[in-house]
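Peer 1: Protein chains in written order, with my numbering: chain G, 1 to 316; chain H, 317 to 542. For each residue, glycine too, the CB sits at the ideal point set by N, CA and C. Input: one structure, supplied below.
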Amino acid sequence: MITSQESSTNRQQPLANDAIIKVITPGLFSSVQGLGLSGYRHLGIPFGGALDRQALILGNRVLGNPDSTPALELTSGQVELKFTRDAWFVLTGAQYRIAIDGRDIWHSWRNKIKAGEILTLRGPKSAMRAYLAVDGGIQPTQQNTTLQITKQLAKGDCLRLGSALSIAKPIGAVQRGYSNEIRALPGPEMSLFTPQSRKAFWSNAWQLTNDSNRMGARLAGEILSLTKPQELNSHAVMPGVVQVPPSGQPIVLLADAQTTGGYPKMATVIEADLWKVAQTRPGSTVRFIHVSPGQADDANYEWQQYFYRLQRAIDA
Amino acid sequence: MTNTNLTVYRLGENAIVLDCSKLFPEFSKLNIQTRIWELAKQCSKSLEFQDIVPGMNNLTLFLHDTTQVTFWLSVIEKRWHSTTGLNVSGPTIEIPVLYGREYGPDLDAVARRHQLDTTEVIRRHSAPEYTVLFLGFQPGFPYLDGLDSRLTTPRLSTPRLSIPAGSVGIGGSQTGIYPADAPGGWQLIGRTNISLLTPDLPATPTLLAPGYKVRFTPVTSLEFTS
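This is how it looks when you write it as structure tokens:
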């Protein structure tokens with residue numbers, strides 16, 4: 001797992017009276033997301049949470065929030081938000097054009113917005129998902145937290161904010177570079193596929209299709225076939241698992257995926273690279289790189305180093 | 317000591333899977349599943365797991381710490397052999413169901429298919445005590461064991477785009493209840509007003525859990541909110 005300062009459950013924070021963000025324009029598929037919830041998957045409750053976990057953690061670190069503090073996940077379109085208290089915020093992940101009352105602001109820098117001002121976000125210019133973190137955090141409703149139900153933002157919604165933090169000056173963070181090379185471990189049913197399909201999976205480019213969503217990234221390419229038809233019993237699956245349904249077109253499961261499934265599993269994307277799948281735009285391609293569990297550990301260690309260096313710079 | 321009918325493997329970075337499906341038909345699916353719940357309960361006493369998820373005659377254990385994967389891969393089979401499946405049963409939950417009419421739009425079709433009266437379909441559906449084998453598909457959705465084999469009905473060839481929460485349906489040899497509005501292909505025979513989701517109780521956010529028993533009680537009227 002990516003290191004977290006506290007448990008992965010969404011933390012409830014004290015509410016400042018009337019501190020809200022009023023949604024003037026919601027954008028498409030915007031939602032409030034934390035780092036997800038574990039311990040309830042045997043009840044069919046998905047892990048949930050931000051699709052680009054590292055971008056959410058980055059935003060929270062820049063503001064001094066706990067890592068799992070919920071933020072607004074943006075997918076596309078124009079978003080306009082009115083703040084009723086002074087707030088520090090930062091946008092991480094996909095590149096958006098950011099303006100406060102028409103004044104342009106840098107991406108991945110924390111900035112202050114005053115009560116009554118309107119924040120306008122337009123994008124994404126590149127990549128797919130951005131995270132708007134606010135000092136004190138954005139409160140999801142209890143039902144959405146307990147059942148990890150993603151509720152899309154609607155015009156007129158009022159998002160309650162946690163207590164303001166004392167922050168003195170703007171700072172910025174360097175975001176990591178995107179590539180379309182997705183490292184993955186071979187899946188338990190890999191040997192059930194034909195040699196040609198196995199080769200195609202690891203060597204071909206796969207195009208992300210338009211019907212991808214928070215449950216899964218659907219890929220198009222060569223049809224992957226089993227050596228013989230196979231019925232599997234329903235079993236647990238998790239974000240990162242690459243399922244191959246009878247269509248032969250793989251699906252990379254994401255945060256809101258159901259907790260059990262019955263399709264053969266070709267591979268599992270490593271945790272350190274799952275954000276890249278979430279940041280791939282429909283129509284773009286990805287490639288899978290076969291790695292070992294040891295290489296997956298090394299990749300997680302690199303993320304820990306990134307956040308360690310970031311924290312040192314923030315604290316300096 | 318190795319039992320070739322058991323398969324243990326790693327899934328991704330932090331999960332291990334125990335697959336017991338080859339023990340069937342030597343043992344019944346329910347008997348195998350009962351031992352899986354017992355093993356799940358044993359493992360939940362260790363604080364090393366993020367999640368412990370039963371599937372159909374299999375169990376997946378999600379570890380917090382990937383360095384513990386090798387250890388658990390080596391011991392899980394031994395732990396399985398210590399299970400008996402005795403004294404593992406959950407409470408019985410009674411679910412009132414209004415069968416037929418707009419609440420169960422496929423009841424007539426199911427009855428015709430099996431050449432039974434609708435009252436006989438209702439009788440056979442509400443007679444058994446079902447067991448929640450595991451949950452999946454959506455929060456709180458139970459996979460129930462115990463459907464009368466005369467009621468086995470294939471799914472609709474075209475799934476409905478939206479099925480109301482509380483709908484009771486048959487899909488193949490399974491019966492179940494939809495906890496929330498969802499698209500789905502099961503044949504709908506009735507509906508309950510009992511909520512399968514209890515988000516106001518964060519510790520137990522679903523009405524049912526693996527090992528629970530379910531009884532459907534036919535009623536002639538029910539109040540539905542919303």
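If distances are taken between C-alpha atoms only, which option among G34/G, A313/G and A278/G comes closest to I149/G?
Peer 2: G34/G
Peer 1: Tell me the rounded alpha-carbon separation between V62/G and L219/G.
Peer 2: 34 Å
Peer 1: Quick one: list the residues of chain G neighbouring Y363/H, beta-carbon separation under 7 Å, in chain order.
Peer 2: In the sequence on display, residue 363/H carries Leu and not Tyr. Those within 7 Å of L363/H in chain G number zero; the least Cβ separation is about 11 Å.
Peer 1: Could you round the C-beta distance between Q142/G and P521/H to whole angstroms and report it? I think they count as a contact, below 8 Å.
Peer 2: That belief does not hold up - the Cβ atoms of Q142/G and P521/H are roughly 10 Å apart, past 8 Å.
Peer 1: Check the DSSP bridge columns for A184/G and list the partner residues they point to.
Peer 2: V269/G and H290/G
Peer 1: Note the first and the last residue of the continuous beta strand (DSSP E) segment covering E80/G.
Peer 2: Counting along the chain, the unbroken beta strand (DSSP E) around E80/G starts and ends at G77 to F83.
Peer 1: Report the residue from D52/G, E80/G, I57/G and S203/G whose alpha carbon sits nearest the alpha carbon of V23/G.
Peer 2: E80/G
Peer 1: Write down the C-beta distance between A496/H and L513/H rounded to the nearest angstrom, noting that I regard them as a contact closer than 8 Å.
Peer 2: A496/H to L513/H, Cβ: 7 Å. Contact.
Peer 1: Which of the three DSSP states, helix, strand or coil, is assigned to G59/G?
Peer 2: helix
Peer 1: Helix, strand or coil for F89/G? Go by DSSP, reduced to three states.
Peer 2: strand
Peer 1: Strictly below 7 Å CB to CB, what residues from chain H border Q258/G?
Peer 2: G452, F453 and Q454
Peer 1: Whole angstroms are fine: how far does the CA of K112/G sit from the CA of G162/G?
Peer 2: 16 Å
Peer 1: Going along the chain, which residues of its own chain have a beta-carbon closer than 7 Å to the beta-carbon of Y419/H, five neighbours each way excluded?
Peer 2: G506 and R507
Peer 1: Let me see if you follow: with CB-CB separation under 7 Å, is F340/H close to chain G or not?
Peer 2: So, not an interface residue.
Peer 1: Note down, in chain order, every chain H residue with its Cβ under 7 Å from the Cβ of N233/G.
Peer 2: S337, G371, M372, N373 and N374
Peer 1: Inspect the CB distances between the region 94 to 113 of chain G and the region 128 to 135 of chain G and report whether three or more fall short of 8 Å.
Peer 2: yes
Peer 1: Would you please verify whether the beta carbon of T150/G is less than 7 Å from any beta carbon of chain H?
Peer 2: no
Peer 1: Locate the beta strand (DSSP E) running through L512/H, then write down its first and last residues.
Peer 2: Here L512/H belongs to no beta strand (DSSP E), and DSSP marks it neither H nor E.
Peer 1: Helix, strand or coil for C158/G, going by three-state DSSP, please let me know.
Peer 2: strand
Peer 1: Is the region 324 to 337 of chain H in contact with the region 182 to 199 of chain G, if contact means three or more CB pairs nearer than 8 Å?
Peer 2: yes
Peer 1: Which complete alpha helix (DSSP H) runs does the region 186 to 235 of chain G hold, if anything under 4 residues is left out?
Peer 2: Runs found: 195 to 203.
Peer 1: Under 9 Å, CB to CB, which of the residues in the region 38 to 67 of chain G have a partner in chain H?
Peer 2: Only those residues of the region 38 to 67 of chain G whose C-beta falls short of 9 Å from the nearest C-beta of chain H are listed: S38, G39, Y40, R41, H42, L43, G44, I45, P46 and F47.
Peer 1: List, in order along the chain, the chain H residues whose C-beta lies closer than 9 Å to that of I270/G?
Peer 2: G328 and E329
Peer 1: With a cut-off of 7 Å, does the C-beta of Q13/G fall near any C-beta of chain H?
Peer 2: Note on Q13/G: pLDDT 47, under 50, position unreliable in the model; the coordinate value appears next. It does not: the Cβ of Q13/G has no partner Cβ on chain H nearer than 7 Å.
Peer 1: Work out the CA separation of L322/H and R312/G for me, nearest whole Å.
Peer 2: 49 Å
Peer 1: Of all the residues that make up the region 138 to 149 of chain G, which are near chain H by a beta-carbon distance shorter than 7 Å?
Peer 2: Q142, Q143, T146 and L147
Peer 1: Could you tell me which chain G residues have their CB closer than 7 Å to the CB of L463/H, listed as they occur along the chain?
Peer 2: Ordered by position in chain G, no residue passes the 7 Å Cβ test against L463/H, which lies about 16 Å from the chain.
Peer 1: Nearest chain H C-beta to P188/G closer than 7 Å, yes or no?
Peer 2: Yes - at least one Cβ of chain H is within 7 Å of the one on P188/G.
Peer 1: Who are the near neighbours of D273/G in its chain, counting only those whose CB is closer than 6 Å to its CB and skipping five residues on each side?
Peer 2: I182 and R183
Peer 1: Whose CA, out of T285/G, I171/G and W88/G, lies closest to the CA of A316/G?
Peer 2: The shortest C-alpha separation from A316/G is found at I171/G.
Peer 1: Measure from the alpha carbon of T280/G to the alpha carbon of each residue in S179/G, S30/G and R85/G, then state which is nearest.
Peer 2: S179/G
Peer 1: Distance cutoff 7 Å, beta carbons only. Does R531/H sit that close to anything in chain G?
Peer 2: no
Peer 1: Would you give the residue range spanned by the alpha helix (DSSP H) that I264/H belongs to?
Peer 2: Because chain H here runs from 317 to 542, residue 264/H falls outside it and cannot be looked at.
Peer 1: Counting only C-beta atoms, is G240/G closer than 7 Å to chain H at any point?
Peer 2: Between G240/G and chain H, the shortest Cβ-Cβ separation is below 7 Å.
Peer 1: I'd like to know whether the C-beta of A278/G is nearer than 7 Å to at least one C-beta of chain H.
Peer 2: no
Peer 1: Hey, out of Q490/H, G462/H and Q503/H, whose CA is closest to I479/H's CA?
Peer 2: Minimum Cα-Cα distance from I479/H among the listed residues Q490/H, G462/H and Q503/H corresponds to Q503/H.
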